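Engineer: Residue numbers (the working numbering), protein chains in the order written: chain A, 152 to 358; chain B, 152 to 358. The beta carbon of each residue, even a glycine, is placed where N, CA and C say it ideally should be. All values derive from a computational prediction rather than experimental measurement. I'd like to ask some things about the structure below.
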């Protein structure tokens with residue numbers, strides 16, 4: 152498998168899970184600074200012009216929640232998505248879905264406001280940026296209060312959710328979220344950062 | 152199973168799939184007009200204050216992509232999520248993920264702008280509303296061009312993706328999307344609307 156990634160993006164989640172399962176994979180960096188994600192070459196890989204994308208022997212996959220579960224399902228012994236238990240798996244899926252459709256979306260209003268308003272409307276773009284600490288903060292507080300069981304997201308069992316939460320938790324200070332309000336999330340992030348798989352994935356992305 | 156829903160929301164997708172699998176289920180309406188989704192009673196069901204929520208004998212589930220796959224997995228013979236084939240399943244998941252994190256989010260900027268900016272900033276709220284036709288239109292055009300294989304989303308096989316796309320396609324005219332630009336989506340919506348399961352779910356929600 153080959154992972155197209157960009158540094159400091161949600162592609163890190165899939166990267167960590169590829170390390171966790173011990174997959175045979177390679178990575179290819181896409182430079183956002185050079186807007187390589189919009190190049191004709193990359194649009195053939197992912198017409199949406201986003202990372203991550205995962206090239207498999209069956210075809211190309213996109214969207215983090217789909218990719219995380221695909222990698223877990225491809226290495227069933229690791230049981231990283233709890234797929235044998237439909238309800239536990241649904242909880243994994245609900246968590247990932249909340250992260251992609253709420254938490255990550257709230258974050259995106261800081262730097263990607265032109266997805267939703269005219270790029271020339273700087274007042275609206277700035278209004279979105281001002282709203283980020285509250286919107287992202289509330290999403291993390293929901294994770295803290297209702298979702299993160301501890302020690303891992305789903306309790307005793309490490310899952311793909313941990314890689315995904317850790318990845319989005321990289322950005323919370325820059326988003327203006329107050330760490331003291333989400334101590335479980337911060338503790339989780341610290342423990343994740345000490346895992347060999349996480350260290351290796353991050354080092355590879357920043358190399 | 153018991154589905155908490157509100158009329159004209161994405162809860163219709165799970166409702167249709169409950170019909171498709173022949174589940175034994177009941178529905179309970181949440182009135183958005185009375186902001187019942189924020190009532191202390193409903194917040195015990197779903198702390199996020201949103202529909203849908205699905206009460207199962209194992210616990211409560213939220214988030215449409217998770218619920219759709221859970222219902223499909225609970226009735227494996229229907230094969231509505233193609234779960235036996237990891238790559239096909241990942242494609243189902245990627246589609247659902249795109250709908251929840253891109254298409255539905257773009258739509259939400261029309262009526263739920265206060266999720267991201269201060270409610271008092273009417274200029275920014277209105278800027279978001281003006282951006283909806285373009286943002287939602289581009290998401291539907293991506294579905295039209297890159298995802299909807301035909302006759303169903305995943306090709307010959309009807310899946311949960313069809314129920315989800317149909318549900319979000321209910322709103323496209325109100326969002327200012329030009330139907331002529333997405334003929335396959337419009338044709339899909341028409342064929343979906345003729346299914347007995349879809350008719351029954353809609354009739355039940357509007358009763």
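1) So, using beta-carbon positions, are residue 215 of chain A and residue 164 of chain A closer together than 7 Å?
2) Between the segment 235-253 of chain B and the segment 245-257 of chain A, can you find at least three pairs of beta-carbon atoms closer than 8 Å?
3) What's the call for residue 186 of chain B, buried or exposed, on a 16-neighbour Cβ count within 10 Å?
4) Check whether the Cβ of residue 335 of chain B lies closer than 7 Å to any Cβ atom in chain A.
5) Unbroken alpha helix (DSSP H) runs of length 4 or more, entirely within the segment 160-240 of chain A: which are they?
6) Just to confirm my understanding: we take residue 259 of chain B, look at its own chain, exclude 5 residues before and 5 after, and list those with CB closer than 6 Å. What are they?
7) Quick check on residue 227 of chain A - is its C-beta less than 7 Å from some C-beta in chain B?
8) Measure the Cβ-Cβ separation of residue 219 of chain A and residue 178 of chain A and say whether it is below 7 Å.
9) Using beta-carbon positions only, say whether residue 333 of chain B and residue 295 of chain B come within less than 7 Å of one another.
10) Is it right to say residue 227 of chain B is buried, meaning 16 or more other beta carbons lie within 10 angstroms of its own, or is it exposed?
11) Please classify residue 266 of chain B as buried or exposed, where buried requires at least 16 neighbouring CB atoms within 10 angstroms.
12) Which of the three DSSP states is assigned to residue 154 of chain B in this structure?
13) Between which two residues does the alpha helix (DSSP H) holding residue 263 of chain B run?
14) In or out: residue 310 of chain A buried (at least 16 other Cβ within 10 Å) or exposed?
15) Taking all protein chains shown into account, decide if residue 301 of chain B is buried (16 or more other Cβ within 10 angstroms of its Cβ) or exposed.
16) Beta-carbon within less than 6 Å of residue 191 of chain A's beta-carbon, same chain only, minus the 5 sequence neighbours each way: which residues are those?
17) Under 8 Å between beta-carbons, which chain C residues line up against residue 272 of chain A? List them in chain order, please.
18) Can you have a look at residue 242 of chain B and say buried or exposed, based on whether 16 or more other CB atoms are within 10 angstroms of its CB?
19) To the nearest angstrom, how far is it from the Cα of residue 235 of chain A to the Cα of residue 304 of chain A?
20) Among A:293, A:313, A:264, which residue has its Cα nearest to the Cα of residue 166 of chain A?
21) Taking its Cβ as the centre, do 16 or more other Cβ atoms sit within 10 Å of residue 208 of chain A, making it buried, or is it exposed?
22) Exposed or buried, what is residue 273 of chain A when buried is set at 16 or more other beta-carbons lying within 10 Å of its beta-carbon?
23) What is the residue span of the alpha helix (DSSP H) that residue 333 of chain B lies within?
24) Apart from the five residues on each side of it in sequence, which residues of its chain come closer than 6 Å, Cβ to Cβ, to residue 349 of chain B?
25) What residues from the segment 254-268 of chain B come within 8 Å of chain A, judged by C-beta to C-beta, listed N to C?
26) Excluding the 5 residues preceding and the 5 following residue 306 of chain B in the sequence, name in chain order all residues of the same chain whose CB lies nearer than 6 Å to its CB.
27) Taking the continuous alpha helix (DSSP H) assigned at residue 280 of chain B, which residues delimit it?
28) Do the segment 280-288 of chain A and the segment 315-330 of chain A make contact, defined as three or more Cβ pairs closer than 8 Å?
29) By the DSSP assignment, the alpha helix (DSSP H) with residue 312 of chain A in it spans what residues?
30) Shorter than 7 Å from the beta carbon of residue 325 of chain B to some beta carbon of chain A?
Structural biologist: Taking the definition as stated:
1) Along the first chain, one-based indexing puts residue 215 of chain A at 64. Along the first chain, one-based indexing puts residue 164 of chain A at 13. Contact: yes.
2) With a cut-off of 8 Å, the segment 235-253 of chain B and the segment 245-257 of chain A count as touching, because enough Cβ pairs lie within range.
3) To locate residue 186 of chain B, count along the second chain from 1; it is residue 35. Exposed.
4) Within the second chain, residue 335 of chain B is the residue found at index 184, counting from 1. Closer than 7 Å: no.
5) Runs of the alpha helix (DSSP H) inside the segment 160-240 of chain A: 162-172, 191-196, 215-225.
6) Start at 1 with the first residue of the second chain, and residue 259 of chain B comes out as number 108. If you ignore the 5 residues before and after residue 259 of chain B, its C-beta comes within less than 6 Å of no other C-beta in its own chain.
7) Here residue 227 of chain A corresponds to residue number 76 of the first chain, with the count starting at 1. So, not an interface residue.
8) Translated into the one-based positions of the first chain, residue 219 of chain A becomes position 68. Translated into the one-based positions of the first chain, residue 178 of chain A becomes position 27. Taking 7 Å as the Cβ cut-off, residue 219 of chain A and residue 178 of chain A do not qualify as a contacting pair.
9) As a first step, residue 333 of chain B must be located in the second chain, where it is residue number 182. As a first step, residue 295 of chain B must be located in the second chain, where it is residue number 144. Taking 7 Å as the cut-off, the beta carbon of residue 333 of chain B is found closer than this to the beta carbon of residue 295 of chain B.
10) Counted from its first residue, the second chain places residue 227 of chain B at position 76. So residue 227 of chain B ends up on the exposed side.
11) Numbered from its first residue, the second chain carries residue 266 of chain B at position 115. Residue 266 of chain B comes out buried.
12) As a first step, residue 154 of chain B must be located in the second chain, where it is residue number 3. Correct three-state label for residue 154 of chain B: strand.
13) Sequence index remark: in the second chain, residue 263 of chain B carries index 112 (1-based). Unbroken run through residue 263 of chain B: none, as it is neither H nor E.
14) For the purposes of this step, residue 310 of chain A is taken as the residue at position 159 of the first chain. Residue 310 of chain A is buried by the Cβ-count criterion.
15) Locating residue 301 of chain B in the second chain gives position 150, counting from the first residue. Burial state of residue 301 of chain B is exposed, judged by a 10 Å Cβ sphere holding fewer than 16 other Cβ atoms.
16) Position 40 of the first chain, counting from 1, holds the residue named residue 191 of chain A. Cβ neighbours of residue 191 of chain A beyond the five flanking positions: none.
17) Note that chain C does not occur in the displayed structure, where the protein chains are A and B.
18) Looking up residue 242 of chain B in the second chain gives position 91. Buried: at least 16 other Cβ atoms inside 10 Å.
19) Working through the first chain from its first residue, we reach residue 235 of chain A at position 84. Working through the first chain from its first residue, we reach residue 304 of chain A at position 153. Looking at the two C-alpha atoms, the distance is approximately 18 Å.
20) Position 15 of the first chain holds residue 166 of chain A. Answer by Cα proximity: A:313.
21) Here the question's residue 208 of chain A lines up with position 57 in the first chain. So residue 208 of chain A ends up on the exposed side.
22) Taking the first chain and counting its residues from 1, one reaches residue 273 of chain A at position 122. Residue 273 of chain A is exposed by the Cβ-count criterion.
23) What you label residue 333 of chain B is simply residue 182 of the second chain in a count that begins at 1. Careful: residue 333 of chain B lies outside any alpha helix (DSSP H) and carries neither H nor E.
24) Start at 1 with the first residue of the second chain, and residue 349 of chain B comes out as number 198. Listed in chain order, the non-local C-beta contacts of residue 349 of chain B below 6 Å within the same chain comprise 167, 343, local neighbours out to five positions each way being set aside.
25) Of all residues in the segment 254-268 of chain B, only 255, 256, 257, 260, 266, 267, 268 come within less than 8 Å of chain A when Cβ atoms are compared, listed by chain position.
26) The sequence position of residue 306 of chain B within the second chain is 155, counting from 1. The beta carbon of residue 306 of chain B sits closer than 6 Å to the beta carbons of 300 from its chain, once the five residues preceding and following it are set aside; these are given in chain order.
27) Here residue 280 of chain B is taken as the residue at index 129 of the second chain, counted from 1. Run containing residue 280 of chain B: 273-293, per the alpha helix (DSSP H) assignment.
28) Per the Cβ contact rule, the segment 280-288 of chain A is in contact with the segment 315-330 of chain A (3 or more Cβ pairs under 8 Å).
29) Indexing the first chain from 1 puts residue 312 of chain A at position 161. Its alpha helix (DSSP H) spans residues 311-319.
30) For the purposes of this step, residue 325 of chain B is taken as residue 174 along the second chain, with counting starting at 1. By this cut-off, residue 325 of chain B is not an interface position.
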